[in-house]
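Worksheet: one structure, shown below.
In the working numbering, the protein residues as written are -1 to 151.
So this is what it looks like as structure tokens:
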């Protein structure tokens, strides 16, 4: 939505566009219908008060309020905000199991904490074959031993 609005930024000045862009980003992240509608009403009254924004305001209202009004995040709550169908089907890329703030979870969307929470809340079932496999060794204390070169025969 914002990409399409950026194509019409020639209707306003650069300073006005910077303000409009920030306001659109703020309204897009609303998670509730009432809050979104109140935000849009405030934006429209603010934009209508400035005569130089009338063209952009008319475009925005006609295109993004009347025709396509479901462009904000709260319209599809807890659904990934992407338009690529493949990304929506591969859940581990888009939706983490639970929210965890460890560095591994932020990068890979799955860590031991989120898997543990998924097991506790019965959203992930552990099979018997998986229970038999060891989890791995812990890192030993101290500095790691020197590793010999790979080509050492």
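Backbone N, C-alpha and C define an ideal beta-carbon position, used for all residues, glycine too.
With DSSP run on the structure shown, which of helix, strand or coil describes residue 49? helix
Thinking C-alpha only, which one of 30, -1, 128 and 140 is nearest residue 61? -1
Can you name, in chain order, every residue of its own chain whose Cβ lies under 6 Å from the Cβ of residue 26, other than the five neighbours on each side? 70
Rounded to the nearest angstrom, what separates residue 113 and residue 135 at their Cα positions? 18 Å
Cβ shell of residue 56 (< 8 Å), same chain only, five flanking positions each side left out: none
In terms of alpha-carbon separation, which member of 66, 144 and 32 lies closest to residue 3? 66
From 31, 24, 11 and 73, pick the residue whose C-alpha is nearest to that of residue 49; which is it? 11
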